[in-house]
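Participant: For reference, the structure I am asking about is given below.
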Amino acid sequence: MALNFNQYATEGHTFLKDYTKQMDLGNDTDKAGRILTSVLHALREIIPVEESLQFIAQMPMFLKAVYVNGWTVKKEKPKIKHMAEFLDLVRQFDGPTAINDFEYSDEVAEEYVNTTFLYLRKYVSQGEMSDIRDSLPKNLKGMIFNNLIF
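In terms of the numbering used here, the sequence shown has 16 at position 29, counting the first letter as 1, and numbering is strictly consecutive.
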């Protein structure tokens, strides 16, 4: 099987432009990319490794690359039990640009998380999203549960 990196790049650019539009970020694909990466990296920190592997199995190659970039499997997961803690983790992964990207607002950050999970439904089955939701702490289930309604 030949690898077609140009195709992956084209699909990635198309995805990012559409995702940026869905996030209502104008043409700021850099900001959208940082937000997407931060949300995915925060998610992978709190769900079981097995669930992460099932999740990325359904993703196109360009999203797999975003998800696994810099990933190191840790024996202990962070104790994230509430949305505010998850949003802090997302901001942590965004680094110094989090101030600009999330505007010091939990409401904005939560909206970006919700929109991200809604958008990922294009690539990930409802069953897998349900499995991820089931692996989340009780107070975080809503970030995916609300988005499973079609």
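Cβ coordinates follow ideal geometry from the N, Cα and C atoms, glycine included.
What does the alpha-carbon distance come out to for the pair residue 67 and residue 79?
Facilitator: If I take the Cα positions, the gap works out to 13 Å.
Participant: Assuming residue 48 contacts residue 126 under a Cβ cut-off of 8 Å, what Cβ separation, rounded to an integer in Å, is found between them?
Facilitator: Actually they are not in contact, since the Cβ atoms of residue 48 and residue 126 sit about 33 Å apart, beyond 8 Å.
Participant: Would you kindly work out how many angstroms separate the C-alpha atoms of residue -6 and residue 1, rounded to a whole number?
Facilitator: So the alpha carbons of these two residues sit roughly 11 Å apart.
Participant: According to the neighbour-count rule (16 or more other Cβ atoms, all chains shown, within 10 Å of its Cβ), is residue 137 buried or exposed?
Facilitator: Note that residue 137 has pLDDT 43, beneath the 50 cutoff, so the model's placement of it is unreliable and the number below is only indicative. Residue 137 is exposed by the Cβ-count criterion.
Participant: Look up residue 63 in the DSSP assignment and say whether it is helix, strand or coil.
Facilitator: DSSP places residue 63 in coil when its eight states are reduced to three.
Participant: CA-CA distance, residue 55 and residue 26?
Facilitator: Taking the straight line from one Cα to the other gives about 12 Å.
Participant: How close, in whole Å, do the beta carbons of residue 6 and residue 19 come, if the pair is a contact with beta carbons under 8 Å?
Facilitator: Indeed they touch by this definition, with Cβ atoms about 5 Å apart.
Participant: Between residue 10 and the rest of its own chain, which residues show a CB-CB distance below 6 Å, the 5 nearest in sequence each way excluded?
Facilitator: Excluding sequence neighbours, residue 10 sits near 19, 102.
Participant: Counting along the chain, where does the alpha helix (DSSP H) carrying residue 46 start and finish?
Facilitator: From DSSP, residue 46 is part of no alpha helix (DSSP H); its letter is neither H nor E.
Participant: From this set, 88, 114, 94, which residue's C-alpha is nearest residue 22's C-alpha?
Facilitator: Nearest option by C-alpha distance: 88.
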